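Novice:
Protein chains: 2
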Amino acid sequence: MTYMLKRSLFGLDINKRGTPGGQVKVPEAMGLVAGIVYLVCIIVFQHFYYTPDSSWLVEYNAALASICFMLFLGFIDDVLDVPWRSTYFHETPSMGPSVGCCCGGGIRVCGVGGGDGHLFGAGWVYKLYMGLLAVFCTNSVNIFAGVNGLEAGQTVILASAVLVHNLSQLGGIPGVQHPLPDELEQAHLFSIYLMLPLIATTAGLLAFNWYPSAVFVGDTFTYFSGMALAVVGILGHFSETLLLFFLPQVINFIYSTPQLFKIVHCPRHRLPSLKSHVSDRAIEQWESYAGLE
Amino acid sequence: MTYMLKRSLFGLDINKRGTPGGQVKVPEAMGLVAGIVYLVCIIVFQHFYYTPDSSWLVEYNAALASICFMLFLGFIDDVLDVPWRSTYFHETPSMGPSVGCCCGGGIRVCGVGGGDGHLFGAGWVYKLYMGLLAVFCTNSVNIFAGVNGLEAGQTVILASAVLVHNLSQLGGIPGVQHPLPDELEQAHLFSIYLMLPLIATTAGLLAFNWYPSAVFVGDTFTYFSGMALAVVGILGHFSETLLLFFLPQVINFIYSTPQLFKIVHCPRHRLPSLKSHVSDRAIEQWESYAGLE
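Sequences listed follow chains A and B, in order.
Just so you know, we're using numbering that gives the first Met the number 0 here: the first sequence kicks off at 0 and counts up by one.
Just so you know, we're using numbering that gives the first Met the number 0 here: the second sequence kicks off at 0 and counts up by one.
#1: Since residue 32/B meets chain A, which of its residues come closer than 7 Å, beta carbon to beta carbon?
#2: DSSP on residue 25/B, reduced to helix/strand/coil?
#3: Quick one: complete alpha helix (DSSP H) runs, 4+ long, within the segment 148-209 of chain A?
#4: Between residue 136/B and chain A, is the shortest Cβ-Cβ distance under 8 Å, so that the two count as touching?
#5: From residue 126/A to residue 63/B, what distance separates their C-alpha atoms?
#6: With H, G and I counted as helix, E and B as strand and the rest as coil, what does DSSP make of residue 311/B?
#7: Taking contact to mean 3 or more Cβ pairs, one atom from each stretch, closer than 8 Å, check whether the segment 193-205 of chain A and the segment 241-250 of chain A are in contact.
#8: Starting from residue 126/B and walking both ways along the alpha helix (DSSP H), at which residues does that stretch end?
#9: Is residue 211/B helix, strand or coil when you go by DSSP?
#10: Going by DSSP, what residue range makes up the alpha helix (DSSP H) through residue 231/A?
#11: Candidates 198/A, 144/A, 181/A: which alpha carbon is nearest residue 156/A's?
#12: Assign residue 237/A to one of three DSSP states: helix, strand, or coil.
#13: Taking the alpha-carbon positions, what's the residue 193/B to residue 143/B distance?
#14: For a contact meaning CB atoms closer than 7 Å, what does residue 56/B contact in chain A?
#15: If you reduce the DSSP assignment to three classes, tell me which class residue 249/A lands in.
#16: Does the CB of residue 243/B have a neighbour CB from chain A at under 8 Å?
#17: Around the Cβ of residue 101/B, are there at least 16 other Cβ atoms within 10 angstroms (buried) or fewer (exposed)?
#18: Going along chain A, which residues have a C-beta under 8 Å from residue 230/B?
#19: If the cut is a Cβ gap below 7 Å, which residues of chain A does residue 68/B touch?
#20: Assuming residue 244/B and residue 30/B are in contact, meaning their beta carbons sit under 8 Å apart, how far apart are those beta carbons, in whole angstroms?
#21: Any beta carbon of chain A sitting closer than 8 Å to that of residue 207/B?
#22: Can you confirm whether residue 293/A, when its beta carbon is compared against all beta carbons of chain B, has any partner nearer than 8 Å?
#23: What is the rounded straight-line gap between the Cα of residue 145/A and the Cα of residue 227/A?
#24: Could you check if residue 256/B is buried or exposed, using at least 16 other CB atoms within 10 Å of its CB as the buried criterion?
#25: For a contact meaning CB atoms closer than 9 Å, what does residue 147/B contact in chain A?
#26: Which word fits residue 196/A, buried or exposed, when buried means at least 16 other C-beta atoms lie within 10 angstroms of its C-beta?
#27: When the Cα of residue 167/B is compared with those of 123/B, 240/B, 217/B, which residue comes out closest?
#28: For residue 165/A, which residues in chain B fall below 9 Å Cβ to Cβ?
#29: Can you tell me the Cα-Cα spacing of residue 230/B and residue 128/B, whole angstroms?
#30: Indicate whether residue 141/B and residue 225/B have their beta-carbon atoms separated by less than 8 Å.
#31: Do the CB positions of residue 60/A and residue 60/B come within less than 8 Å of each other?
#32: Alpha carbon to alpha carbon, what distance is there between residue 220/A and residue 213/A?
#33: What span of residues does the alpha helix (DSSP H) with residue 32/B cover, start to end?
#34: If we count the other Cβ atoms within 10 Å of its Cβ and call it buried at 16 or more, is residue 206/A buried or exposed?
#35: Nearest to residue 162/B by alpha carbon, out of 187/B, 153/B, 151/B?
Laid out in structure tokens, this is it:
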């Protein structure tokens with residue numbers, strides 16, 4: 000953390016009581032640690048579960064490349080303060096490997112198009128949808144942020160929901176027909192491989208990001224977690240279910256649309272106006288509960 | 000570049016004449032730009048040359064993930080000033096996807112071991128060699144640096160040498176038996192796919208990094224380029240030839256060994272003592288040639 004502070008990588012924790020000027024310096028971009036631990040986890044995992052036929056390794060490595068690229072871009076965003084509009088141009092290519100992988104397997108499974116594999120072949124509508132989904136997931140976690148613990152918290156909840164969905168599809172929850180087709184079973188297993196380390200690393204981060212935050216997760220984390228979720232949705236062939244899990248983020252996105260398209264003025268950080276809704280007494284109780292006095 | 004300077008990402012260009020105190024602030028870590036352009040190139044390329052059987056996509060995505068992870072770690076190194084010894088622990092896993100891919104195809108082709116695919120299976124000596132090769136390539140570009148244009152320059156030369164080697168193997172230079180086995184032909188094509196954008200992006204960077212440098216490339220670039228070269232050597236199955244191309248770096252590594260293992264004191268930047276070897280008049284001529292006057 001001291002590395003972060005030394006490089007002026009900190010955020011101001013505002014709207015807090017009992018701090019000089021209502022602001023504390025909190026190390027930013029600590030999602031970096033969670034992200035790297037996550038990547039190392041799934042790389043090491045790959046070595047232990049390598050199988051000679053290994054057709055799933057194409058998708059696994061595509062997922063790895065996509066998530067790694069996105070984590071990288073998030074960190075660049077945190078460090079260099081790149082104008083946020085230009086990040087869209089980076090996000091779309093970073094989705095490339097995963098979307099590319101879908102040509103072969105994904106499109107056939109979902110029954111959307113022929114998927115002959117060329118860039119402007121039969122499945123281009125599907126690919127466009129995939130690309131937009133990736134951009135949406137990444138940014139929806141990002142814009143649904145700003146309260147201590149919200150970024151990591153929503154990721155834990157979303158990843159757990161995806162994990163439960165995978166387990167229910169695999170494990171014989173009553174009402175699901177069995178056996179699943181081989182491709183779908185592989186897809187759900189694949190999703191579990193990626194979701195378990197995501198939950199573990201994010202839970203660790205959440206412990207530090209919980210109110211009152213000792214660290215901020217930064218764009219590094221929001222991009223990374225959004226991409227990890229988008230990747231399992233796409234390569235796991237349950238992107239529609241994923242969008243259902245993202246319902247709160249969809250609502251927040253729709254609610255934010257006037258600001259995002261600059262119809263209404265958008266400040267640098269949009270803050271919830273806590274005081275207008277909550278009494279002073281409630282805030283005091285909250286702070287004493289959190290050990291802030 | 001202004002983003003870099005704003006975040007104090009600059010190096011001091013020392014041992015220059017005619018500058019106050021002999022030092023100029025030069026933006027650091029500009030290998031970032033070359034690296035991202037490179038990644039976008041090979042991602043887009045993947046979409047146009049996607050084939051339905053696509054067994055080579057496993058290796059391609061593994062290479063992508065390895066290079067992306069290494070570029071990322073280089074940038075972290077530049078930004079956060081992580082103690083350099085700890086970077087070894089990151090480098091080894093980042094090589095994971097590529098080494099993993101070698102289990103199936105690489106080991107069989109090279110005839111070293113059985114390659115049954117388990118982590119501690121028959122090919123572990125080969126894997127250890129691959130891992131060490133990756134660490135060596137990455138660091139050898141890094142420690143053979145410190146003079147304007149040297150990092151980018153050696154990369155252009157090495158990548159061009161690899162490209163010529165691939166073309167000579169494919170294109171029927173007299174004395175090479177034809178036809179090559181299918182795996183080797185694919186491996187050399189694969190190497191060409193990765194080397195062409197590396198040469199292009201590095202040449203662009205070299206134009207700015209040429210003496211007198213307008214930018215510094217940073218660990219971002221040295222890690223990235225070393226990894227890209229290591230990856231084609233490993234996945235292209237010509238790691239022995241690659242080591243021949245790396246001969247100047249090998250010599251520099253051996254020469255630096257006493258400093259690297261702390262037998263002799265190692266300063267933060269090891270500078271060539273230009274003045275003791277070159278006359279003042281030669282330096283003046285050099286500067287007037289470079290337009291510094």
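All C-beta atoms in this analysis are idealised placements derived from N, C-alpha and C, irrespective of residue type, glycine included.
Note that the structure is predicted; figures quoted are calculated from it, not measured.
Specialist: Looking at the coordinates:
#1: None at all; the shortest Cβ gap to chain A is about 11 Å.
#2: strand
#3: Fully enclosed alpha helix (DSSP H) runs of 4 or longer: 149-170, 181-208.
#4: Cβ-Cβ to chain A under 8 Å: no for residue 136/B.
#5: 20 Å
#6: One cannot answer for residue 311/B here, as it falls past the ends of chain B, which runs 0 to 292.
#7: no
#8: 123-142
#9: coil
#10: 217-234 is the span of the alpha helix (DSSP H), which, as asked, contains residue 231/A.
#11: 198/A
#12: coil
#13: Computed Cα separation, rounded: 23 Å.
#14: 57
#15: helix
#16: Taking 8 Å as the CB threshold, residue 243/B stays off the interface with chain A.
#17: Its pLDDT being 43, under 50, residue 101/B is placed unreliably by the model, and nothing is read from it.
#18: By Cβ distance, chain A contributes nothing, its closest Cβ being about 12 Å from residue 230/B, past 8 Å.
#19: 38, 67
#20: Residue 244/B to residue 30/B, Cβ: 20 Å. No contact.
#21: no
#22: Any answer about residue 293/A is impossible in this case: the structure gives chain A only from 0 up to 292.
#23: 20 Å
#24: exposed
#25: Those within 9 Å of residue 147/B in chain A number zero; the least Cβ separation is about 24 Å.
#26: buried
#27: 240/B
#28: What residue 165/A touches in chain B: nothing, since even the nearest Cβ is about 22 Å away.
#29: Approximately 13 Å between the Cα atoms of the pair.
#30: Yes, these two residues count as a Cβ contact at 8 Å.
#31: yes
#32: 15 Å
#33: 30-47
#34: Answer is exposed; the Cβ neighbour count stays below 16.
#35: Of the residues 187/B, 153/B, 151/B, the one whose Cα lies closest to the Cα of residue 162/B is 187/B.
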